[in-house]
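Encoded as structure tokens, the structure appears first; notes follow it.
Number of protein chains: 2
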Amino acid sequence: MQFRFTTALLLAAALGAVSAAQAQQPQAAKPAPAPLSAEQSDPLRMGWMQGSPPPIDKQVRWDDGSAFQFPQTRWAFSNEQALMPTATVRREGPASRLEVALRDDLDAVPFQTLDGQKLTWGEAFDAYYADGIIVLHKGKVVYERYAGALQPDGRHIAMSVTKSFVGTLALLLADEGKLDVNKTVASYVPELTDSGFGDATVQQVLDMRTAIEFDEEYTGTGLTDVARMTIAGGLAPAPADYDGPMDNYAFVQSIEKNGRHGGDFVYRTPNTNVAQWVIERVGGAPLAVQLAARIWKPMGMDQEATIIVDRIGTAFGGGGLNANLRDMARFGEMIRQGGMWNGKRILPESVARAILAKGDTKAFEATKYRGLEGGSYSSFWWHSGKGQTMAQGVFGQIIYIDPAAEMVIARFASNPVASNRDIHPITLPAFAALAAHLNR
Amino acid sequence: MQFRFTTALLLAAALGAVSAAQAQQPQAAKPAPAPLSAEQSDPLRMGWMQGSPPPIDKQVRWDDGSAFQFPQTRWAFSNEQALMPTATVRREGPASRLEVALRDDLDAVPFQTLDGQKLTWGEAFDAYYADGIIVLHKGKVVYERYAGALQPDGRHIAMSVTKSFVGTLALLLADEGKLDVNKTVASYVPELTDSGFGDATVQQVLDMRTAIEFDEEYTGTGLTDVARMTIAGGLAPAPADYDGPMDNYAFVQSIEKNGRHGGDFVYRTPNTNVAQWVIERVGGAPLAVQLAARIWKPMGMDQEATIIVDRIGTAFGGGGLNANLRDMARFGEMIRQGGMWNGKRILPESVARAILAKGDTKAFEATKYRGLEGGSYSSFWWHSGKGQTMAQGVFGQIIYIDPAAEMVIARFASNPVASNRDIHPITLPAFAALAAHLNR
Numbered sequence: 018m019q020f021r022f023t024t025a026l027l028l029a030a031a032l033g034a035v036s037a038a039q040a041q042q043p044q045a046a047k048p049a050p051a052p053l054s055a056e057q058s059d060p061l062r063m064g065w066m067q068g069s070p071p072p073i074d075k076q077v078r079w080d081d082g083s084a085f086q087f088p089q090t091r092w093a094f095s096n097e098q099a100l101m102p103t104a105t106v107r108r109e110g111p112a113s114r115l116e117v118a119l120r121d122d123l124d125a126v127p128f129q130t131l132d133g134q135k136l137t138w139g140e141a142f143d144a145y146y147a148d149g150i151i152v153l154h155k156g157k158v159v160y161e162r163y164a165g166a167l168q169p170d171g172r173h174i175a176m177s178v179t180k181s182f183v184g185t186l187a188l189l190l191a192d193e194g195k196l197d198v199n200k201t202v203a204s205y206v207p208e209l210t211d212s213g214f215g216d217a218t219v220q221q222v223l224d225m226r227t228a229i230e231f232d233e234e235y236t237g238t239g240l241t242d243v244a245r246m247t248i249a250g251g252l253a254p255a256p257a258d259y260d261g262p263m264d265n266y267a268f269v270q271s272i273e274k275n276g277r278h279g280g281d282f283v284y285r286t287p288n289t290n291v292a293q294w295v296i297e298r299v300g301g302a303p304l305a306v307q308l309a310a311r312i313w314k315p316m317g318m319d320q321e322a323t324i325i326v327d328r329i330g331t332a333f334g335g336g337g338l339n340a341n342l343r344d345m346a347r348f349g350e351m352i353r354q355g356g357m358w359n360g361k362r363i364l365p366e367s368v369a370r371a372i373l374a375k376g377d378t379k380a381f382e383a384t385k386y387r388g389l390e391g392g393s394y395s396s397f398w399w400h401s402g403k404g405q406t407m408a409q410g411v412f413g414q415i416i417y418i419d420p421a422a423e424m425v426i427a428r429f430a431s432n433p434v435a436s437n438r439d440i441h442p443i444t445l446p447a448f449a450a451l452a453a454h455l456n457r
Numbered sequence: 018m019q020f021r022f023t024t025a026l027l028l029a030a031a032l033g034a035v036s037a038a039q040a041q042q043p044q045a046a047k048p049a050p051a052p053l054s055a056e057q058s059d060p061l062r063m064g065w066m067q068g069s070p071p072p073i074d075k076q077v078r079w080d081d082g083s084a085f086q087f088p089q090t091r092w093a094f095s096n097e098q099a100l101m102p103t104a105t106v107r108r109e110g111p112a113s114r115l116e117v118a119l120r121d122d123l124d125a126v127p128f129q130t131l132d133g134q135k136l137t138w139g140e141a142f143d144a145y146y147a148d149g150i151i152v153l154h155k156g157k158v159v160y161e162r163y164a165g166a167l168q169p170d171g172r173h174i175a176m177s178v179t180k181s182f183v184g185t186l187a188l189l190l191a192d193e194g195k196l197d198v199n200k201t202v203a204s205y206v207p208e209l210t211d212s213g214f215g216d217a218t219v220q221q222v223l224d225m226r227t228a229i230e231f232d233e234e235y236t237g238t239g240l241t242d243v244a245r246m247t248i249a250g251g252l253a254p255a256p257a258d259y260d261g262p263m264d265n266y267a268f269v270q271s272i273e274k275n276g277r278h279g280g281d282f283v284y285r286t287p288n289t290n291v292a293q294w295v296i297e298r299v300g301g302a303p304l305a306v307q308l309a310a311r312i313w314k315p316m317g318m319d320q321e322a323t324i325i326v327d328r329i330g331t332a333f334g335g336g337g338l339n340a341n342l343r344d345m346a347r348f349g350e351m352i353r354q355g356g357m358w359n360g361k362r363i364l365p366e367s368v369a370r371a372i373l374a375k376g377d378t379k380a381f382e383a384t385k386y387r388g389l390e391g392g393s394y395s396s397f398w399w400h401s402g403k404g405q406t407m408a409q410g411v412f413g414q415i416i417y418i419d420p421a422a423e424m425v426i427a428r429f430a431s432n433p434v435a436s437n438r439d440i441h442p443i444t445l446p447a448f449a450a451l452a453a454h455l456n457r
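Here the protein sequences line up with chains R and E, keeping their order.
Going by my numbering, the first residue of the first sequence is number 18, and it counts up by one from there.
Going by my numbering, the first residue of the second sequence is number 18, and it counts up by one from there.
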């Protein structure tokens, strides 16, 4: 039962890493061997966790790190609850209406990737290793497809899409006057006073513009920052000689300051854990309970959601949400509709508008994010330069809201490549072509 | 993070222990110090897992064994999913109708415990440390009450009530001709050929009449059989020097034969794990999937259920089900109604009848089970000598079906005392008094 350390390294990706280092020197160096294709890595075909019990070479486990290794991720991402403890995000009542008007002309829609490859919408599904995609146009499901280990009534890890839910709660609490985003983190969470976050404003945290000693780099070896975050969060076992923080909040407490807050956007997951801590204090309840009360129950979500928790029950707001794909589509559509869902107000219009509005584009420029030129990052939401708002998580998770095209897309995936930076060259042109086709 | 070994010992209780040893020498010896009362041990009042994060002295954890220690169990039993990995038992569609006709005259119903104490129905709630009770009379909810960490839309560990669900699936597969209960275990699970279970019939396993080298005794020290079962099942961490089985099925494979099968009923949890293995082979799907397809979905259960899984995803059919209390009441009522629920057939009438029918009373006699004189145990269901059928799990879990009284009671509890043997002196007279009152 040796803990394979690559776990923590690969897992780091799971946190949505778009580090400054990556921005400067985009993935290059030695080319990795070509991974299995989507078809070759189909988890049912590969037999992961099939059989009672599954044979040793078909097991996907938490304790040996295999749950975070491709191609095992193609099974694990749809089954995190069976690998780790989770908090429940409760739903209630009958599932809310989600109108369906499927179209059979979409698979043939052609587009060209940013790298010049010609594909169709239908072919793109495997190209980004999708486990499920739903497209809403004018509020109706026009396309829905699943693969591998994900079923229509299942759940899939949302990775850093989780962060956008945390950001939404923050905007909501601020709108209600309960949270002042211009106050410091320490004023809400005194335990963080001596950490690097203490004198940052809540807004700087929500926009990831804090200056902290944390490198969201996952290609290093040994106990990198990301490895420590992973272990602390309970996402990976602690090596025998590990003596670092053992829960999410202890981990962010251990992070020191490094420079001046308020500079450029730099993607660092611990900001979200800090925002979650503030929200739990201000809202007076754990993240899962607030998500249930504010979103899952009022929206009539189809399925409960779960969030991975650490060893003392703190949810991993940075990336631990496991949700149903239709529910992700519902959430995106509710925001597109200005906070309304099936005639019921879920979010104040001002909150929905804030989510849909671009933030500080100058602070985003240095990321040199291909396909998102002219975009921004604010309150844990991404904005393209062309009017779309996105929640995104590594390995291909995305909620894509295109108000001009009246289109919302939710996608879960288990791509062998972590960063959406490397998946977007297919994703963004595909989504744009679909929008154009639906509205022509 | 030292593993307190008492965990495994206390936990053993969680498996429903009614060992032969206990039968011969009923609980006595040195009297334990009086535990906290229900009121004193109220988990909200005690503050377990409250705060973000909960302070050290308010944490309930898997890795230090506190999740299985009273009074922490008063919180943990309603929150197992946040402590351990779980498989999902899916539901679908709107929750099925459960008629409510609450009565306010029940709390005052008086009765006398088997030990001569005078209590009322209302007082009994705390006397057995109930977390929730529902009473159905003629199919309608006449009483419903929750306490502590359990809410109407929550889940609670069912402990060995789980076994009765496994038994029900076995009866169903047998009724459909897919399972021949007179065949040997080895004929369905060749991996068990060389174990103590290999030449037992499936029926002997379902009735716990196998002769195996396993002592369901939880007062021992060190690596007792029960401690090993607990560790293998992932319910407790493995001590550093442990080199025994590390999953549920490997554990039952390691159990040797001890005598002749077909003797008296002796309560030994591994029988259920073996039956589960047979059922997963015959039914071609994991326990959670079969429960969803056969019971949770067709019955329109209110909430998903979860089952604790070991490190390779095998459910703990011996006691790991976490379910909603109303759903437990629905299940009991469905059986009382001969397999029908809201006009829909869930189980063949023959299966429901088999569950309601007493088994071999002679094989049960030696247990000397106070209050269940003249009763029996068959296909993982308990029968009193007076016509009631019960699913029961330690620390006070029970589904109680009284056909003559047209009454079904479901109760979850977190009693400091493990064995229902010691809780029944209150439970059985209370339930009998309520039945008489409802039908007078």
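All residues carry an ideal CB built from backbone N, CA and C; glycine is no exception.
Bear in mind that the values here come from a model prediction, so they are computed numbers and not experimental data.
So for residue i, helix, strand or coil by DSSP?
{"i": "Lys-403 of chain R", "result": "coil"}
{"i": "Leu-304 of chain R", "result": "helix"}
{"i": "Thr-286 of chain E", "result": "coil"}
{"i": "Arg-298 of chain E", "result": "helix"}
{"i": "Asp-143 of chain E", "result": "helix"}
{"i": "Thr-241 of chain R", "result": "coil"}
{"i": "Phe-128 of chain R", "result": "strand"}
{"i": "Gly-149 of chain E", "result": "strand"}
{"i": "Val-326 of chain E", "result": "strand"}
{"i": "Trp-358 of chain E", "result": "strand"}
{"i": "Leu-364 of chain E", "result": "coil"}
{"i": "Leu-451 of chain E", "result": "helix"}
{"i": "Thr-90 of chain E", "result": "helix"}
In chain order, what residues of the same chain lie with their CB nearer than 6 Å to the CB of residue i, ignoring the 5 residues before and after it?
{"i": "Ala-99 of chain R", "result": "none"}
{"i": "Tyr-160 of chain R", "result": "Leu-123 and Val-152"}
Nearest to residue i by CA position, among the options, is which residue?
{"i": "Arg-343 of chain E", "options": "E:Ser-436, E:Pro-71, E:Glu-321 and E:Ala-449", "result": "E:Glu-321"}
{"i": "Leu-153 of chain E", "options": "E:Ile-416, E:Ala-144 and E:Leu-196", "result": "E:Ile-416"}
{"i": "Ile-296 of chain R", "options": "R:Ala-93, R:Lys-403, R:Val-219 and R:Val-117", "result": "R:Val-219"}
{"i": "Trp-65 of chain R", "options": "R:Ala-309, R:Phe-94, R:Pro-50 and R:Pro-52", "result": "R:Phe-94"}
{"i": "Phe-214 of chain R", "options": "R:Val-269, R:Ala-164 and R:Gly-392", "result": "R:Val-269"}
{"i": "Thr-444 of chain E", "options": "E:Pro-52, E:Trp-358 and E:Ser-401", "result": "E:Ser-401"}
{"i": "Arg-457 of chain E", "options": "E:His-441, E:Ala-421, E:Ala-435 and E:Thr-331", "result": "E:Ala-421"}
{"i": "Gly-349 of chain E", "options": "E:His-454, E:Gly-68, E:Leu-455 and E:Lys-155", "result": "E:Lys-155"}
Can you give me the Cβ contacts of residue i inside the same chain, cut-off strictly under 8 Å, excluding the 5 residues immediately before and after it?
{"i": "Thr-179 of chain E", "result": "Thr-289, Ile-324, Phe-333, Gly-334, Gly-335, Gly-336, Gly-337, Leu-338 and Gly-410"}
{"i": "Leu-186 of chain R", "result": "Ile-296, Gly-300, Leu-304, Gln-307, Leu-308 and Arg-311"}
{"i": "Asp-170 of chain E", "result": "Asp-319, Gln-320 and Asn-341"}
{"i": "Val-117 of chain R", "result": "Lys-157, Val-158 and Glu-161"}
{"i": "Ala-166 of chain R", "result": "Pro-60, Leu-61, Trp-65, Arg-91, Trp-92, Phe-94, Ser-95, Asn-96 and Asp-148"}
{"i": "Leu-189 of chain R", "result": "Arg-311, Leu-364, Pro-365 and Val-368"}
For residue i and residue j, which I take to be in contact (beta-carbon distance under 8 Å), what is that distance rounded to the nearest angstrom?
{"i": "Ala-217 of chain R", "j": "Val-202 of chain R", "result": "5 Å"}
{"i": "Met-263 of chain E", "j": "Ala-253 of chain E", "result": "Wrong, their Cβ atoms sit about 12 Å apart, outside the cutoff."}
{"i": "Gly-251 of chain R", "j": "Val-368 of chain R", "result": "About 31 Å separates the two Cβ atoms, so there is no contact after all."}
{"i": "Arg-353 of chain R", "j": "Ile-418 of chain R", "result": "5 Å"}
{"i": "Phe-412 of chain R", "j": "Met-176 of chain R", "result": "6 Å"}
Can residue i be considered in contact with the ligand MG, in the sense that its beta carbon sits closer than 6 Å to one or more heavy atoms?
{"i": "Leu-209 of chain E", "result": "As for the ligand MG, it is missing from this structure, which has no ligand bound."}
Can you give me the Cβ contacts of residue i inside the same chain, cut-off strictly under 7 Å, excluding the 5 residues immediately before and after it?
{"i": "Lys-200 of chain E", "result": "Thr-218 and Val-219"}
| Should the stretch 425-435 of chain R be regarded as contacting the stretch 146-162 of chain R, the criterion being three or more beta carbon pairs within less than 8 Å? | yes
| query | Is the stretch 306-324 of chain E touching the stretch 216-235 of chain E, taking contact as three or more C-beta pairs under 8 Å? | reply | no
| query | Do the stretch 100-111 of chain R and the stretch 408-424 of chain R touch if we need at least three Cβ pairs shorter than 8 Å? | reply | no
| task | Could you tell me whether the stretch 87-95 of chain E touches the stretch 63-78 of chain E, where touching means 3 or more Cβ pairs closer than 8 Å? | result | yes
| message | Across the stretch 275-288 of chain E and the stretch 379-386 of chain E, are there enough close Cβ pairs to call them in contact, namely three or more that are closer than 8 Å? | response | yes
| Cβ contact check for the stretch 433-442 of chain E and the stretch 387-399 of chain E: 3 or more pairs under 8 Å | yes
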